[in-house]
Ligand code: GLP
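Residue numbers (my numbering): 450 to 721.
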């Protein structure tokens, strides 16, 4: 797992947007997995800027969101569909028919979840999945104890998640208790994952995810099993990482590799 530590949330957003933008330029028909929550907002703002100022073209991009609250219509102000519309889709030249957010009002939930999985497969799978992380280490709404092989399904939210997300609603009493969420297994099938985290409340979850054991109690830790994960976090979220200095060295080496300065990494080969 690659760990990139940035100075603050704004830098996390810009760095994350660079990964997405590079993919969109290389593969204009790519399939993006998208996340909600406050963490990806900086990345979305930067993508909107790149679209406006540099013409980053989303016209053929396909998106799948991770999750949605059960019971909320797409038009509900706190639905994740509304969140995506307000914070991203409305500002891009994306074809709304190519955007998928689970339907929180689906009547036959099991059949609907199976359909969502089929839709992802029919588009050829997700090229890059953007992920935030819950304070309990969950990805999407895969709460502690979720099977690491789980697929899109119904999930009951923990009281911690309900409390965390109450700020978006009138209070805890208004937060739905159930959600449709991609499973951990669904997420692990994405070709690449981009995990984002900012702020001190995410420090323990990031430590458990990056340096702890792989466990269903911290579903983000399953990302250790994925072959291409980039974790972009700010200093506060990185505060509890034991191998922080090493991750910095790896990034320095990566920069040298990308800038063609490979020889400077090999002892005795330095020309400067
Ligand atoms: C919810 C979402 C997650 C998100 C998490 C963190 O639980 N289902 O996908 O990662 O919130 O949200 P925030 O970025 O606001 O901290």
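Using N, Cα and C, we set each Cβ at its ideal position, and we do this for glycine too. None of the values given here were measured: they were computed from a predicted structure.
When 515, 509, 666 and 450 are compared, the shortest CA-CA separation from residue 580 is found for 515.
Considered as a whole, the stretch 461–519 harbours 480–483, 511–514 and 516–518 as its complete beta strand (DSSP E) runs of no fewer than 3 residues, in chain order. Look at residue 515: its beta carbon is less than 7 Å from one of the heavy atoms in ligand 1. Bridge partners of residue 455 according to DSSP: 683. At a Cβ-Cβ threshold of 8 Å, residue 648 and residue 686 count as neighbours. As for any beta strand (DSSP E) of minimum length 3 sitting wholly inside the stretch 611–649, the runs are 627–630 and 641–646, ordered along the chain.
By the Cβ test, the stretch 460–467 is in contact with the stretch 492–503, since at least three Cβ pairs between them sit closer than 8 Å.
Residue 562 places its beta carbon less than 8 Å from that of residue 602. Taking C-beta atoms as the reference points, residue 476 and residue 576 count as a pair closer than 8 Å. From the listed residues 488, 672, 539 and 486, the smallest Cα separation to residue 498 is found for 539. The closest heavy atom of ligand 1 lies less than 7 Å from the beta carbon of residue 488.
Between the alpha carbons of residue 664 and residue 547 lies a distance of about 34 Å. Here DSSP, grouped into helix, strand and coil, assigns residue 655 to helix. In this structure, residue 669 has its CB at a distance of at least 7 Å from all heavy atoms of ligand 1. Taking 8 Å as the cut-off, the Cβ atoms of residue 606 and residue 590 count as close. Going by C-alpha positions, residue 587 is about 24 Å away from residue 534. As for any alpha helix (DSSP H) of minimum length 4 sitting wholly inside the stretch 521–603, the runs are 529–536 and 558–571, ordered along the chain. Spanning the alpha carbons of residue 655 and residue 450 requires a straight line of approximately 12 Å.
Sequence-distant partners of residue 520 (beyond 5 residues in either direction) whose C-beta falls short of 8 Å from its own C-beta, in its chain, are 553, 554, 625 and 627. Distances taken from the Cβ of residue 536 to the heavy atoms of ligand 1 include none shorter than 7 Å.
Counting other Cβ atoms within 10 Å of its Cβ, residue 614 reaches 16 or more and is therefore classed as buried. Ranked by Cα distance from residue 504, the options 699, 474 and 513 are led by 474. Residue pairing by DSSP puts residue 678 in a beta bridge opposite 642. Apart from sequence neighbours up to five positions away, the residues of its chain that approach residue 646 with a beta-carbon distance below 6 Å are 582, 655, 682 and 686, ordered along the chain. In the DSSP assignment, residue 703 falls within the alpha helix (DSSP H) that extends over 693–707.
Taking 7 Å as the cut-off, one finds no heavy atom of ligand 1 near enough to the beta carbon of residue 573.
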